[in-house]
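Trainee: Residue numbers (the numbering used here), protein chains in the order written: chain A, 35 to 731; chain B, 35 to 731.
2 protein chains.
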Amino acid sequence: MMIDWTIAPITASISILVAIYLYFYINKQSAGSEKMQEISNAIQEGAQAFLKVEFKYLAVFVAVMAVILTVVPLVADIGLNSLMGVAFVFGAICSAVAGVLGMTVALKANVRSANAAKEGLNKAFPIAFRGGAVMGLAVVGLALLGLSAVYYFTQDAEIVLGFSFGASAMALFAKIGGGIYTKTADVGADLVGKVEHNIPEDDPRNPGVIADNVGDNVGDVAGMGADLFDSYVASIVAVMTLGGAEKLVEYFSGSPSQISFVHVPLVFAGLGVIASILGVAMVRVGKKGNPGKALNIGTYLTCIIFGLMTLGATLYLDINIGAWAAAVIGLVGGVVIGITTDFFTSIDKFPVIKTAEASQTGAAVNIITGFSYGLLSMFPALLGIAFASIGAYSVAEFFMQENGVAVVGAGVYGIGMAAVGMLSIVGMIVAGDAFGPISDNAGGIAEQAGLDEEVLDITASLDAAGNTSKAITKGFAIGAAGLTVIALLAAFQEIVIKYAPEGTEIVFDLMNPMVLTGALIGIAIPAVFSAMVMLSVGKNAFTMIEEIRRQFREIPGLLEGKEGVKADYASCVNIATKGALKELIPPSVLSIAVTLAVGFIGGIEALGGYLAGSIFSGLIFALLMSNAGGLWDNAKKYVEAGAFGGKGSETHKAAVVGDTVGDPFKDTAGPSLNTLITVMSLVASVFAPAIVMLTMA
Amino acid sequence: MMIDWTIAPITASISILVAIYLYFYINKQSAGSEKMQEISNAIQEGAQAFLKVEFKYLAVFVAVMAVILTVVPLVADIGLNSLMGVAFVFGAICSAVAGVLGMTVALKANVRSANAAKEGLNKAFPIAFRGGAVMGLAVVGLALLGLSAVYYFTQDAEIVLGFSFGASAMALFAKIGGGIYTKTADVGADLVGKVEHNIPEDDPRNPGVIADNVGDNVGDVAGMGADLFDSYVASIVAVMTLGGAEKLVEYFSGSPSQISFVHVPLVFAGLGVIASILGVAMVRVGKKGNPGKALNIGTYLTCIIFGLMTLGATLYLDINIGAWAAAVIGLVGGVVIGITTDFFTSIDKFPVIKTAEASQTGAAVNIITGFSYGLLSMFPALLGIAFASIGAYSVAEFFMQENGVAVVGAGVYGIGMAAVGMLSIVGMIVAGDAFGPISDNAGGIAEQAGLDEEVLDITASLDAAGNTSKAITKGFAIGAAGLTVIALLAAFQEIVIKYAPEGTEIVFDLMNPMVLTGALIGIAIPAVFSAMVMLSVGKNAFTMIEEIRRQFREIPGLLEGKEGVKADYASCVNIATKGALKELIPPSVLSIAVTLAVGFIGGIEALGGYLAGSIFSGLIFALLMSNAGGLWDNAKKYVEAGAFGGKGSETHKAAVVGDTVGDPFKDTAGPSLNTLITVMSLVASVFAPAIVMLTMA
């Protein structure tokens, strides 16, 4: 049997077909009572309204970038043609389509899962999970198919970088916009509803409730999908670029392998898609089963299948075993990072319990304690990334030798393969991750539609399972982003070497003042970016709070729940949408503009240092904010479960402060940082030829 | 007139003499009523008790390190002798003596300043300021004299590194121990006294009040003095090492200069001492004057005097003008960093006002807003450090050329000189900084002794002035530490080159996986360290709270302020002391042990990356924590001044939460980070020869 890189588009197509099949499976389930459908429609409308405006902004941005991408190479007089701009637009579109598809099905799955919960957990679970799986399989399918298409037509990995950049730009918009939206709605609805009027979460009287539900979808489903789409594509492209290094190409031509180093990541990704599909198929839960466990077992099985399939392919096709070993190291690293992250945010482990305990002394001590454990939580994750990268590097150098000397470029190629390995099972990861907000929404709809307590219990247990799987997949996402951006940095260097005058040495020496200056500026960017998006949440939440208060004040009978009186949900949706989309422009522009400024003014070395600095600082804040946020959330839940005075006590109030601080940490700023550093790295790589021409001539 | 490097010990001696003169000036002032003296004595006893135990711990630590420093070179079979151990011990002792002297006089100045406040501001101010000046002049005097003595006897800059390491170890102990102590006492006294029993700050009924006053001295006076002693010495030693680079020595021998590059930092530091003495002498304030302004004018004048004196010396002695220009760039950079830091923490600028405003929506929004501005505040400071280093590098390369090519090592030498420039006026900086806690204590004593409202107003205005000058000097300290550790990293590289086999290239290339792995571990250390010290504060504060509650409960008449009933101050002092000193061991050991582990296991390149990573992360967290902490503090004060509902309102309560979170940020973790990264760099440099021998053989 002849296997080559085209296995990637083939399995990608299969993935899309499976996603479509699952879509129809979900669609044919009952959407429940009229009331339920009405709520579901309101959420759908809100989400579509958001996407419509978001895409309008995005279209302008994409058009401007596409023009720049086409013009700059002409100005700098380099051989890249306007295909770069086309690839960029195509990347943004593919990511957007995956997002829309995933969200559409999530919005169908939530109400259907809520309805099926009437018949038991084993009916509700598959609907929610398969809803997530549509997103997961659509993401990997469209990503890999789109990437393959660009590569097929251009045969040029550099043009594929343009595709990746397009996907990243989309992800940045989706992440920031969705992140600001979801927290604006969440904070607004909670502060007025729960705190001021003491009405329960997801109560239909609350004017912000629909906006809150919409937020789960645009933030958690669409945003997260775009994020992993972006990392997935970036890791593959980075390795394709690294595989094209001169010495590796030479080494390949003297080896028995049938797959060049440029194509290995495509083959592995293709097999990863199959592993994800099988993994998705194997996730099952009985009537009294544990859905969280089922999800985790699915993830581990996917890892094992991937490892075995790629081993088989490696042996069969005589691929260098170092590439396989590096990918497996990456995958194991991802699991380890996920598990340690889980430790710091789990409700039954001591960091959460100690933070809950600290809430007894007040909100301030809760904040200090949670923040401190958040700081500590970085250590294992950073060690994991460090060891995965050095392990992958060493193993690649060990197996790729000529005359007893490692081939130049082998080591960084190994780091890239580790990223590909970590991200190979992204279909399964996204499926498990999207399951969370779907179940969350299912619970919300059940509550608003006034379903039985029993049904609510089932949707609550689904929601809890979503949180468990989320902790592990979130660790995965950050770890993968870390390795990916390191690979992108290497790819950037490779491109610079290609365009620089013959014989120029490109070294990012920390004692070179340009590198150092770049690094000092680079470490500031993720901090500034985080501050901007968090301040946006504060600003928008303020407007939202005013509006919700106004409605309670001005609509007679609303607060009392008088029959027939309805809140004006649309105006809250509108506020969240407008605010989020207005606020996403400055941080997006910042991340691209400063990167270009450093490159064109400071040159290649400053840019290399800048990227490295942004990676370091980005990882720090991503880990700190995601983990501290998750920890505060669970500390509050721990108190609510009855500890240290339980719900309503002073301790609980203190724990709520921590949870509220954690919200923009973990749902707005933290997860956007992955995307930020990927975008910065891709901007640098895409513009590297022009920067080389203009600064090194 | 013949001038050589011995100007350093000469002016250092003058500085010590002036300090002693000022000491006697203060000592002969009246210490006020018996009641005042009694309070003052209690604070003195507490502080001495703390120092006694601290020195016991320190002695053990110093002894162990001294043995290691003596044994390791023998094991590794390198030419360094046991002088390294002796220099280390001497460095620790000099720093300790400066700390004790400074604290002793601060403890005399506070009560005398409080007493003089009865006669007006123009009587109270000079006592408080000169009290600080004793500390400042003792620090620079002992630092420079000690350093010169070691150099005089050994003529070996490497041995002087041992002296610097000793001073750093002392600083680390003083900073962590003092930082934990001061916040344990502060939080404990405030939470039970102010919040639970609603009695004012510094009320003598509060059993924690003396511990709180002691904390100001051991944390702010002794800790900060040791910190700047440490940076000051480290910057000079780093440049001496860099000045010994082969090519610079050659270049010097062909130049007309009378002062070698090794000696230039000593000459500049010596002149800086004179500038500081003159600056101190020029700080004056009238009866209705503005003490904050007087302090700032003194600082600026010192800068100008330093710039002019060093310019004169440079021209007179034919020192390369590049060295002077680099120093001036550093000094200007320090001022700029100080001013921008001031902007983010000033009570009349929008970050503070916006944060105060955000408190209206509750504690969580106050935290998010303050934290966000803290993140933003990094940017100008990091830009300042970046531009100062590249500016100094470029100017040094521009002026140090041979045949049109910059001399190898000139650029990093310039960066080092920028650090020396920034730290040259450290005498004045410490004077202004120590003034703060002295005035703070003066206010506390006046309150406890029941002095008139008018007197309290004067001590309050002194306190406010202390906060103003503190903001600028804190920015200075962080900026200087940043440049110093960059210079230390270069010095580390220089030492490695010296010991490595001939022809080995030592490059800290970010794409080298060892460098990268080291960097990923390095960025985690400041975070883990911060978490450890902050969790310690939480733990100790808890014990303190229990004890204060117990006393109020068990001592009849205490809360009512019955005549003759006294709180058991000593037991609170004891809790703070024991807790702080027990908790300082783990983070201290961590910082040294991990550094050595990375070096001996990972080798030189991993260690280089590790140091760079720790610098990046250390700067990030130092700036974030110091600035956010200061900002929250002032946001609370802004509300207390009557805005948004004023004292006692819900807004105020929310602002108090931010202030309490900020306390360990700005007074425990944040300022310890400077010292941490200096210690890590010095450990690396001191052990570099052994690491080279054992890992590169």
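Glycine included, C-beta positions come from ideal geometry on N, C-alpha and C. Quick caveat, the model's predicted, so the values are computed rather than measured.
Using a Cβ-Cβ cut-off of 7 Å, state whether A:Gly562 counts as contacting chain B.
Mentor: For the purposes of this step, residue 562 of chain A is taken as the residue at position 528 of the first sequence. The sequence given here has Val at residue 562 of chain A, not Gly. Answer yes: the Cβ-Cβ gap between A:Val562 and chain B drops below 7 Å somewhere.
Trainee: Would you say B:Asp543 lies against chain A (beta-carbon separation less than 7 Å)?
Mentor: As a position in the second sequence, residue 543 of chain B is number 509, starting the count at 1. Yes - at least one Cβ of chain A is within 7 Å of the one on B:Asp543.
Trainee: Strictly under 7 Å for the Cβ-Cβ distance: is B:Val362 near chain A by that measure?
Mentor: Start at 1 with the first residue of the second sequence, and residue 362 of chain B comes out as number 328. No, B:Val362 does not count as interfacial toward chain A.
Trainee: Put B:Asp220 into one of helix, strand or coil per three-state DSSP.
Mentor: Translated into positions along the second sequence, residue 220 of chain B becomes position 186. Three-state DSSP puts B:Asp220 in a helix.
Trainee: Using alpha carbons as the reference points, say which of A:Ala126, A:Ala140, A:Gln394, A:Leu329 lies closest to A:Gln78.
Mentor: Position 44 of the first sequence, counted from the first residue, corresponds to residue 78 of chain A. The candidate whose alpha carbon is nearest that of A:Gln78 is A:Ala140.
Trainee: Looking at C-alpha atoms only, which residue of B:Glu436, B:Val446, B:Gly418 is the closest neighbour of B:Ser428?
Mentor: For the purposes of this step, residue 428 of chain B is taken as the residue at position 394 of the second sequence. Of the listed residues, the one whose Cα sits closest to B:Ser428 is B:Val446.
Trainee: Can you list the residues of chain A that B:Thr45 reaches, using a CB-CB cut of under 8 Å?
Mentor: Locating residue 45 of chain B in the second sequence gives position 11, counting from the first residue. Under the 8 Å cutoff, chain A gives no residues; its nearest Cβ is about 31 Å from B:Thr45.
Trainee: Of the residues that make up the region 524-540 of chain B, which ones have a beta carbon closer than 8 Å to any beta carbon in chain A?
Mentor: Ala524, Gln527
Trainee: Could you give the distance in angstroms between the alpha-carbon of A:Pro107 and the alpha-carbon of A:Leu117?
Mentor: In the first sequence, the residue the question calls residue 107 of chain A occupies position 73. In the first sequence, the residue the question calls residue 117 of chain A occupies position 83. Cα to Cα, the separation comes out at about 11 Å.
Trainee: Kindly provide the ranges of any alpha helix (DSSP H) runs that are 4 or more residues long and lie completely inside the region 443-519 of chain A, ordered along the chain.
Mentor: Entirely contained in the region 443-519 of chain A, the alpha helix (DSSP H) runs reaching 4 residues are, in chain order, 444-457, 460-482.
Trainee: Going along chain A in order, which residues have a C-beta closer than 9 Å to the C-beta of B:Thr694?
Mentor: The count along the second sequence starts at 1 and reaches residue 694 of chain B at position 660. Gly396, Ala397, Ala398, Val399, Ile401, Ile402, listed in chain order.
Trainee: Rounded to the nearest angstrom, how far is the Cβ of A:Thr685 from that of A:Gly692, given a contact under 8 Å?
Mentor: To locate residue 685 of chain A, count along the first sequence from 1; it is residue 651. To locate residue 692 of chain A, count along the first sequence from 1; it is residue 658. Not really, about 11 Å apart at Cβ, beyond 8 Å.
Trainee: Would you verify that the beta carbon of A:Pro547 is, or is not, closer than 7 Å to some beta carbon of chain B?
Mentor: Taking the first sequence and counting its residues from 1, one reaches residue 547 of chain A at position 513. For A:Pro547, the answer is yes, since a Cβ of chain B falls inside 7 Å of its Cβ.
Trainee: List, in chain order, every chain B residue whose beta-carbon is nearer than 9 Å to that of A:Tyr407.
Mentor: Taking the first sequence and counting its residues from 1, one reaches residue 407 of chain A at position 373. By Cβ distance, chain B contributes Ala565, Leu569.
Trainee: Is B:Val623 close to chain A, meaning its C-beta is less than 7 Å from at least one C-beta of that chain?
Mentor: Translated into the one-based positions of the second sequence, residue 623 of chain B becomes position 589. Output row for B:Val623: interface = no.
Trainee: Start and end of the alpha helix (DSSP H) containing A:Asn156?
Mentor: In the first sequence, counting from the first residue as 1, residue 156 of chain A sits at position 122. Run containing A:Asn156: 155-188, per the alpha helix (DSSP H) assignment.
Trainee: Can you name the residues of chain B whose CB is closer than 8 Å to the CB of A:Leu416?
Mentor: Working through the first sequence from its first residue, we reach residue 416 of chain A at position 382. The answer, in chain order, is Leu554, Ile555, Ile557, Ala558.
Trainee: If we define contact as Cβ-Cβ less than 7 Å, is A:Pro160 a contact residue for chain B?
Mentor: One-based indexing of the first sequence puts residue 160 of chain A at position 126. It does not: the Cβ of A:Pro160 has no partner Cβ on chain B nearer than 7 Å.
Trainee: Check the Cβ of B:Ile339 against every Cβ in chain A and list those closer than 7 Å, keeping chain order.
Mentor: Stepping through the second sequence from its first residue, residue 339 of chain B is reached at position 305. Near B:Ile339 there are no residues of chain A at all, since even the closest Cβ is about 29 Å away, more than 7 Å.
Trainee: Which runs of the alpha helix (DSSP H) spanning at least 4 residues fall entirely within the region 683-731 of chain B, listed in chain order?
Mentor: 684-698, 704-729
Trainee: Would you decide whether A:Pro290 is buried or exposed? Buried here means 16 or more other CB atoms lie within 10 Å of its CB.
Mentor: Against the first sequence, residue 290 of chain A aligns to sequence position 256. By the 10 Å Cβ count, A:Pro290 comes out exposed.
Trainee: So which of A:Ser605, A:Gly425, A:Val370 has the shortest CA-CA distance to A:Ala357?
Mentor: The residue given as residue 357 of chain A occupies position 323 in the first sequence. Residue A:Gly425 is the option with its Cα nearest to A:Ala357.
Trainee: Does DSSP put A:Gln435 in a helix, a strand or coil?
Mentor: Residue mapping note: residue 435 of chain A aligns to position 401 of the first sequence, counting from 1. Reduced to three states, the DSSP call for A:Gln435 is strand.
Trainee: Using a cut-off of 7 Å between C-beta atoms, extract the partners of A:Met412 located in chain B.
Mentor: Start at 1 with the first residue of the first sequence, and residue 412 of chain A comes out as number 378. Ala558, Ala561, listed in chain order.
Trainee: Return the CA-CA distance between B:Ala191 and B:Phe122, expressed in angstroms with no decimal places.
Mentor: Residue mapping note: residue 191 of chain B aligns to position 157 of the second sequence, counting from 1. Residue mapping note: residue 122 of chain B aligns to position 88 of the second sequence, counting from 1. Spanning the alpha carbons of B:Ala191 and B:Phe122 requires a straight line of approximately 13 Å.
Trainee: Any idea which residues DSSP pairs A:Ala26 with across the strands?
Mentor: Shown here, chain A extends from 35 to 731; a query on residue 26 of chain A therefore has no answer.
Trainee: Would you kindly work out how many angstroms separate the C-alpha atoms of A:Ala576 and A:Ile609, rounded to a whole number?
Mentor: On the first sequence, position 542 is the one that residue 576 of chain A refers to. On the first sequence, position 575 is the one that residue 609 of chain A refers to. What sits at residue 576 of chain A in the sequence shown is Phe, not Ala. Roughly 11 Å separates the two Cα atoms.
Trainee: Using the rule of at least 16 other Cβ atoms within 10 Å of the residue's Cβ for burial, across every protein chain shown, is A:Gly438 buried or exposed?
Mentor: Here residue 438 of chain A refers to the residue found at position 404 of the first sequence. Per the 10 Å Cβ criterion, exposed.
Trainee: Give me the DSSP bridge partner(s) of B:Asp543.
Mentor: Position 509 of the second sequence, counted from the start, is the residue given in the question as residue 543 of chain B. BP columns for B:Asp543 point to A:Asp543.
Trainee: Taking 7 Å as the CB-CB limit, is B:Val691 close to chain A?
Mentor: Within the second sequence, residue 691 of chain B is the residue found at index 657, counting from 1. So, interface residue.
Trainee: Taking the alpha carbon of B:Ala525 as the point to measure from, which residue in B:Leu645, B:Pro560, B:Gly537 has its own alpha carbon closest?
Mentor: Here residue 525 of chain B refers to the residue found at position 491 of the second sequence. The shortest Cα separation from B:Ala525 among B:Leu645, B:Pro560, B:Gly537 belongs to B:Leu645.
Trainee: Would you list, in chain order, the members of the region 641-653 of chain B that have their beta-carbon closer than 8 Å to a beta-carbon of chain A?
Mentor: Gly642, Gly643, Ala646, Gly647, Phe650, Ser651, Leu653
Trainee: With a threshold of 7 Å between beta carbons, is B:Ala627 in contact with chain A?
Mentor: Position 593 of the second sequence, counted from the first residue, corresponds to residue 627 of chain B. Cβ-Cβ to chain A under 7 Å: no for B:Ala627.
Trainee: Roughly how many angstroms separate the alpha carbons of B:Leu716 and B:Leu195, rounded to a whole number?
Mentor: Indexing the second sequence from 1 puts residue 716 of chain B at position 682. Indexing the second sequence from 1 puts residue 195 of chain B at position 161. Approximately 7 Å between the Cα atoms of the pair.
Trainee: Any beta carbon of chain A sitting closer than 7 Å to that of B:Tyr427?
Mentor: For the purposes of this step, residue 427 of chain B is taken as the residue at position 393 of the second sequence. Cβ-Cβ to chain A under 7 Å: yes for B:Tyr427.
Trainee: Which chain A residues are close to B:Ile520, counting only those with a beta carbon under 8 Å from its beta carbon?
Mentor: One-based indexing of the second sequence puts residue 520 of chain B at position 486. By Cβ distance, chain A contributes Leu550.
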